[in-house]
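Quick notes on the structure that follows.
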Amino acid sequence: MLLRILWVMMCFPAACGVDSSSLEVRGAWVRPILPTQNVTAGYLDAVNSGLDTIRIIDVSSPAFDTVELHEMTTDSEGVMRMKRMGALVVAPGDSVALRPGGKHLMLIGSRHTLSEGNDVPITLETNRGGRVTFAARVERRAW
Ligand SMILES: [Cu+2]
Numbered sequence: 348m349l350l351r352i353l354w355v356m357m358c359f360p361a362a363c364g365v366d367s368s369s370l371e372v373r374g375a376w377v378r379p380i381l382p383t384q385n386v387t388a389g390y391l392d393a394v395n396s397g398l399d400t401i402r403i404i405d406v407s408s409p410a411f412d413t414v415e416l417h418e419m420t421t422d423s424e425g426v427m428r429m430k431r432m433g434a435l436v437v438a439p440g441d442s443v444a445l446r447p448g449g450k451h452l453m454l455i456g457s458r459h460t461l462s463e464g465n466d467v468p469i470t471l472e473t474n475r476g477g478r479v480t481f482a483a484r485v486e487r488r489a490w
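Rendered as structure tokens:
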């Protein structure tokens, strides 16, 4: 409930999820946190409708201690591993998909219990000083 109230306050008026540097977030969702863990992953599409390259350099959420940009890679023995990315680069007129098995947000140290249907407020910060805050819905998905 607290998250929902916070989100409504931050997300008013309608310019929510878009910043002046033309970065837009679509379809954001977060996996539910397993009872034995306090870490989960988030997914979204980052869309750059502007004329300049956008670099997402920082991610944060009031619901987590830390949020990192991660990427899945396969090592020489065929084992999938997660690697931290320095920045997420979105070319002008292009979009980058964060998806299970690929790039994702790693949400570490949950500060609240998150149930399915809750909205997690997340803020992306760009190299141009822009910020985009959006809500990621907690959803149980197979992929
Ligand atoms: Cu990760």
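The numbering of the sequence shown is my numbering, which starts it at 348 and goes up by one.
Every residue gets a Cβ at the ideal spot worked out from N, C-alpha and C, and that includes glycine.
Range of the contiguous beta strand (DSSP E) that encloses residue i
i              : result
histidine 417  : 411-421
glutamate 371  : 370-377
leucine 391    : 386-395
methionine 453 : 451-457
proline 468    : 466-473
serine 407     : 401-407
leucine 461    : Per DSSP, leucine 461 belongs to no beta strand (DSSP E) and is neither H nor E.
valine 437     : 435-437
leucine 445    : 442-445
CB contact flag (residue i, residue j, <8 Å)
i              : j              : result
alanine 438    : asparagine 465 : no
arginine 378   : alanine 388    : yes
valine 467     : alanine 483    : yes
aspartate 412  : arginine 458   : yes
methionine 432 : glutamate 418  : yes
glutamate 424  : methionine 453 : no
threonine 402  : valine 436     : Here the sequence assigns arginine to residue 402, which means threonine is not the residue at that position. Against a cut-off of 8 Å, the Cβ pair of valine 436 and arginine 402 comes out as a contact.
glutamate 463  : valine 443     : no
Residue i versus residue j: straight-line alpha-carbon distance, rounded
i              : j             : result
aspartate 392  : alanine 410   : 21 Å
methionine 348 : leucine 461   : Its pLDDT being 49, under 50, methionine 348 is placed unreliably in this model, and the value from its coordinates should be taken loosely. Those two C-alpha atoms are separated by around 10 Å.
threonine 480  : aspartate 422 : 34 Å
leucine 445    : threonine 383 : 25 Å
threonine 400  : glycine 449   : 21 Å
glutamate 371  : leucine 381   : 29 Å
glycine 397    : alanine 434   : 18 Å
glycine 440    : histidine 451 : 21 Å
proline 447    : serine 369    : 25 Å
Other residues of its chain near residue i: CB distance less than 8 Å, five sequence neighbours each side excluded
i            : result
arginine 478 : Asp366, Thr470, Leu471, Glu472
glycine 456  : Asn385, Val386, Phe411, Asp412, Thr413
Closer than 7 Å: residue i CB and nearest ligand 2 heavy atom
i              : result
methionine 432 : Here the bound small molecules are ligand 1; ligand 2 is not part of this structure.
Other residues of its chain near residue i: CB distance less than 6 Å, five sequence neighbours each side excluded
i             : result
threonine 420 : Arg428, Lys430
alanine 375   : Leu391, Phe481, Ala483
Query - the segment 407-422 touching the segment 467-480, judged by at least three CB pairs closer than 8 Å - result: The segment 407-422, when compared against the segment 467-480, does touch it at the 8 Å Cβ threshold.
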